[in-house]
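The numbering of the sequence shown is our numbering, which starts it at 384 and goes up by one.
In this text, a Cβ means the ideal position worked out from N, Cα and C, and glycines have one as well.
Here the structure comes first, spelled out in C-alpha cells, and everything after it is commentary.
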Amino acid sequence: MGDVLIPGLRMGDCTDCVCVRVSRFWEFYDVSDETKLLHGDLVLIDEEGNSIHAQIYPNVYERFKTLIKEGSVYNFECFRVRKSNHKYKPVANEFMLSFSKWTTIEEVVEVPPAFPTITYRLTSIEQVPSRLERTEYFTDVIGIVTAISNITTLRTRGRQSDSSKRVVTICSASNASVNVVLWGERATSFPAEEVHKDGQASPQVVIFVGTLVKNYSGVISVSGSSPCKWYINPEVPEAKALMASIGNMHQPIKWDQHMAPTRATSAAEPKKVSDIRDLNPFKNKKIEFLVTMTIRKIDSSWWCNSCEKCQRTTKPYGDLYKCTEPRCGTIGKPNQRYKLSIVAGDETGDTNFIMFGRWVQRLTKKSADTLIAENPQGFIPNEITRLLEKAFIWNVSFTENTTSSGRTCFRVNAVVGEINDRNALLPMTPTGSQSYHLCSLRVLAAVCKALLRKVLPCLCFHHLLLQRLAMLQVPHQLKKL
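Below you can see the structure in the form of C-alpha cells.
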C-alpha cells in the first residue's frame with residue numbers, strides 16, 4: 384500500500400506514492416477576516432500509525448475539497464516535503480507536506496480493517512495549565528464529560544461580529560476538571576444533546592484534539608476552533624482505562640443552566656478624542672470605543688521581543704530572554720512582534736495609542752520578521768512611515784498600563800476601516816461573504832450616523848456621506864440614515 388511510509392519521506396520534491404488515511408481535515412481562515420481562507424489542513428496517518436501534517440493553499444484548495452473526505456484512505460503522489468511549521472503543529476513530526484496542482488490523488492477502496500483511524504498526543508488535565516499560551520503544538524486532552532452548556536452568542540474583544548460559544552466540562556480519573564470552550568462552527572456542531580442524553584446512564588469519555596490552552600478571565604481553559612475535533616467513547620486504551628476508573632461512581636452529565644443563551648455585547652460606540660481622553664480608566668477600563676483617527680507620529684521603536692507563551696515584552700537574560708510578566712516569567716527564545724507607539728487624533732485633539740502584531744501586519748502587508756531582516760537596525764521602514772497622515776477607524780480601549788503609569792494610552796483592538804485619499808470610507812478587511820460584508824458596512828454606517836448627529840449637521844455633508852456609502856455598494860436598507 385504505497386511506495387513509502389511516512390517516516391521514509393525526505394525533504395524536497397517527492398514522486399513516491401504514500402498511502403494514508405485523512406484523519407482530520409479542516410479549513411483555516413484569517414483571524415482578522417473570517418471569509419479569507421489561508422489554507423486547508425490535514426492530519427494523515429499511514430498503515431503503521433505514523434502521522435504527518437499537510438497543507439493545501441487557496442489556489443488549488445477547491446479541487447482537493449471536492450476529492451477528499453475526512454476518514455477515507457488515499458494514495459497521494461507528487462507533493463513537496465518541507466520543514467514543519469514553527470507554530471500550531473497538530474502532530475509531532477519534523478516534516479509536513481504541501482499539495483499542489485500536480486499532486487495526484489486516488490481513493491483506496493479496499494482498506495485493511497486494522498488501518499489506524501485517529502492519532503493524538505494526550506496532555507493530562509492536571510498538566511493543562513503548563514500548556515498555557517504555548518503555540519508550538521496543539522494540545523490534545525481526554526476526560527469524562529461532567530457538564531455541557533447551552534450555546535451563547537457574544538462579541539469577543541476587538542471584533543464587530545458575533546461568535547457562538549459552548550462550554551464542555553471534562554474531568555480526569557483523579558477528579559481534576561477543565562472547561563473545553565468550543566467556538567463558532569465547533570460550538571454548533573458538537574452533539575451536545577446526544578452526549579447529554581447518553582451521559583445520564585453511562586460515562587461519556589471524549590478526546591479533544593487540536594486545541595489551545597487559554598486564560599479566560601483568570602480561568603485556565605482549553606479552546607477549540609476549526610482545528611479542533613473530538614472522539615466520543617473511542618476504542619483506544621486511554622479511554623478504556625478512564626472508563627474503568629469510574630466503576631459505579633458515575634454521575635449524570637449536568638446541563639449548565641448558568642450558561643443560558645445571552646444577547647451579544649453592544650458594539651463599540653463612535654467617539655471623539657475629547658470624549659475619551661479624560662475618562663477615568665478605572666471605571667472605563669474594559670469599555671471599547673470606535674474612533675476615527677489620523678496618525679500624527681510613530682515612535683522609532685516599532686517592534687519588540689515578545690514572550691512565546693503570553694506575548695508580553697521580554698528582556699535579555701543571559702543568552703536568552705525572560706518574560707517581564709511576573710505571573711509568566713518564561714525564559715527562552717523570543718518572538719519578534721510589531722509594537723507601534725502612535726500619536727493620533729481628530730479635530731478635537733490628539734492622544735496616545737499602541738498597536739500590536741497582526742493589526743500592524745495588515746497595514747504593512749509584511750510580517751515583523753520580514754521588515755526587520757530587510758532594514759538596518761534603528762531604521763523605520765517605509766511600510767510604516769507611509770502610515771503617517773493616514774486616517775483609520777479603530778476599535779480601542781484603555782491599556783492595562785494606563786492606571787499604573789498614570790499616562791493615558793489606548794490599545795488598538797481592531798482596525799475596522801480606512802479613509803482613503805478621496806475621503807471614502809473603506810472596510811479594512813477584504814470582503815468575501817455577504818454576511819461579513821454587511822457587518823463591516825454596519826460599523827461604517829454607525830460611524831456615519833454619529834458624524835451626522837454630532838459633527839456634521841450640514842446638509843451638504845450629509846449628501847457627501849451618502850455618496851461615500853454608495854461607493855461602498857451599501858444595501859438600500861443601510862442607506863436610510
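Can we say the segment 751-762 touches the segment 698-705, given the rule of at least three CB pairs closer than 8 Å?
-> The segment 698-705 and the segment 751-762 do not touch, with fewer than three beta-carbon pairs separated by less than 8 Å.
Would the beta-carbon of arginine 790 fall within 9 Å of that of asparagine 735?
-> Yes, these two residues count as a Cβ contact at 9 Å.
Relative to the alpha-carbon of glutamine 744, which residue among Asp424, Ile767, Gln760 has its alpha-carbon at the smallest distance?
-> The candidate whose alpha carbon is nearest that of glutamine 744 is Ile767.
Out of curiosity, what's the CA-to-CA distance linking asparagine 758 and threonine 731?
-> Distance between the alpha carbons of asparagine 758 and threonine 731 is about 36 Å.
In angstroms with no decimal places, state the Cα-to-Cα distance between valine 464 and methionine 394.
-> Using only the alpha carbons, I get a separation of about 5 Å.
Under 7 Å Cβ to Cβ from serine 608, same chain only, skipping five residues before and after it: list those, please.
-> Taking C-beta separations shorter than 7 Å and ignoring five residues to either side along the sequence, the partners of serine 608 in its chain run Trp566, Gly567, Arg569, following chain order.
Per-residue burial, arginine 646 [other beta carbons within 10 Å of its own, 16 or more giving buried] = Unreliable placement is indicated for arginine 646, whose pLDDT of 37 sits below 50; the coordinate value is still reported in the next sentence. Of the residues assessed, arginine 646 falls on the exposed side of the cut-off, its CB having fewer than 16 other CB atoms within 10 angstroms.
Spell out the partners DSSP gives phenylalanine 573 in its beta bridges.
-> Phenylalanine 573 is not bridged to any residue.
Give the DSSP-derived three-state secondary structure of glycine 391 in the structure shown.
-> Note: glycine 391 maps to helix in three-state DSSP.
Please go through the segment 667-743 and give each complete beta strand (DSSP E) segment of 3 or more residues, from N-terminal end onward.
-> Entirely contained in the segment 667-743, the beta strand (DSSP E) runs reaching 3 residues are, in chain order, 672-681, 686-689, 697-700, 703-706, 718-729, 732-739.
Could you give the DSSP three-state label for leucine 662: helix, strand or coil?
-> Assignment of leucine 662 by DSSP, reduced to helix, strand and coil, places it in the coil class.
Per DSSP, what kind of secondary structure is asparagine 442 in: helix, strand or coil?
-> In the three-state reduction of the DSSP assignment, asparagine 442 falls in the helix class, which pools H, G and I.
Proximity to valine 726 [Cα-Cα], best of Gly715, Met676, Val387 | Nearest Cα to valine 726 within the set Gly715, Met676, Val387: Met676.
Candidates Ile776, Ser689, Ile389, Pro441, of which the one nearest glutamate 477 by Cα | Taking only the C-alpha atoms, the option nearest glutamate 477 is Ile389.
Sorted by chain position, which residues of the same chain lie with C-beta nearer than 7 Å to cysteine 711's C-beta, five sequence neighbours on each side aside?
-> These residues qualify, in order along the chain: Cys690, Lys692, Cys693, Arg695.
If you scan the segment 597-632 from start to end, which runs of the beta strand (DSSP E) of 3 or more residues do you find wholly inside it?
-> Annotation: the segment 597-632 contains the following complete segments of the beta strand (DSSP E) (minimum length 3 residues), in chain order: 602-607, 612-615.
What's the call for glutamate 671, buried or exposed, on a 16-neighbour Cβ count within 10 Å?
-> By the 10 Å Cβ count, glutamate 671 comes out buried.
Put serine 513 into one of helix, strand or coil per three-state DSSP.
-> Serine 513 falls in the helix class under three-state DSSP.
Taking 9 Å as the cut-off, decide whether the C-beta atoms of valine 528 and isoleucine 435 are in contact.
-> Judged by their CB atoms, valine 528 and isoleucine 435 are not nearer to each other than the 9 Å cut-off.
Helix, strand or coil at phenylalanine 336 [DSSP, three-state] = Summary: the structure shown does not reach residue 336, with the chain confined to residues 384 through 864, and so no result is reported for it.
Spatial distance of proline 512 from valine 564 (CA atoms) | The straight-line gap from Cα to Cα measures roughly 15 Å.
Work out the CA separation of glutamine 634 and glutamine 583 for me, nearest whole Å.
-> Looking at the two C-alpha atoms, the distance is approximately 8 Å.
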